Amino acid sequence: MPAEDIRHPEKQSNSSKGGFQNKNRVAILAELDKEKRKLLMQNQSSTNHPGASIALSRPALNKDFRDHAEQQHIAAQQKAALQHAHAHSSGYFITQDSAFGNLILPVLPRLDPE
1 MPAEDIRHPE KQSNSSKGGF QNKNRVAILA ELDKEKRKLL MQNQSSTNHP GASIALSRPA
61 LNKDFRDHAE QQHIAAQQKA ALQHAHAHSS GYFITQDSAF GNLILPVLPR LDPE
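In the UniProt record's numbering, the protein residues as written are 1 to 114.
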């Protein structure tokens, strides 16, 4: 093990996490490439057989269903987080989409500078 890793063990753990994430990314990219090829093959066959285009609309329906189910799950999580925050805090919170994945955000009053 290099001397740097002995003094900074967090670097070692980050590099091992990075390796796992890299393998995960490669697997995801390979799966996406496989799916892309499959869709291209279906698209080529649908140009030869006009009735085959119906099959392409089904995955979109499944995706819409999954997105809707995910939105309902997030809404339920937001409601639970909001109820918990109001019950255990004297602050005021709102539900709002956050770039950082927060389900609820605190509302802070603006004070006029004196």
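Ideal placement from N, C-alpha and C gives every residue a C-beta, glycine not left out.
Everything numeric in this text was worked out from a predicted model, so none of it was measured.
Is the separation between the beta-carbon of residue i and that of residue j shorter than 8 Å?
i, j, result
"leucine 82", "phenylalanine 93", "yes"
From the beta carbon of residue i, is the nearest beta carbon of chain B less than 8 Å away?
i, result
"asparagine 22", "This model lacks chain B altogether, as it is built from one protein chain only."
DSSP puts residue i in a beta bridge; with which residues?
i, result
"leucine 105", "Ile94"
Please go through the same chain and pick out, in chain order, the residues whose beta-carbon is closer than 8 Å to the beta-carbon of residue i, but skip the five residues on each side of it.
i, result
"leucine 56", "Low local confidence applies: a pLDDT of 48 at leucine 56 is under 50, so the model's placement there is unreliable, with the coordinate-based value given in what follows. Hits under 8 Å: Leu39, Gln42, Asn43 and Ser46."
Leaving out five residues before and five after residue i in sequence, what residues of the same chain have Cβ atoms less than 6 Å from its Cβ?
i, result
"glutamine 21", "none"
Please work out which residues of its chain come closer than 7 Å, Cβ to Cβ, to residue i, disregarding the five sequence neighbours upstream and downstream, and give them in chain order.
i, result
"glutamine 96", "Leu105"
Can you confirm whether the region 61-81 touches the region 96-111 when touching is taken to mean that 3 or more C-beta pairs between the two stretches lie within less than 8 Å?
yes
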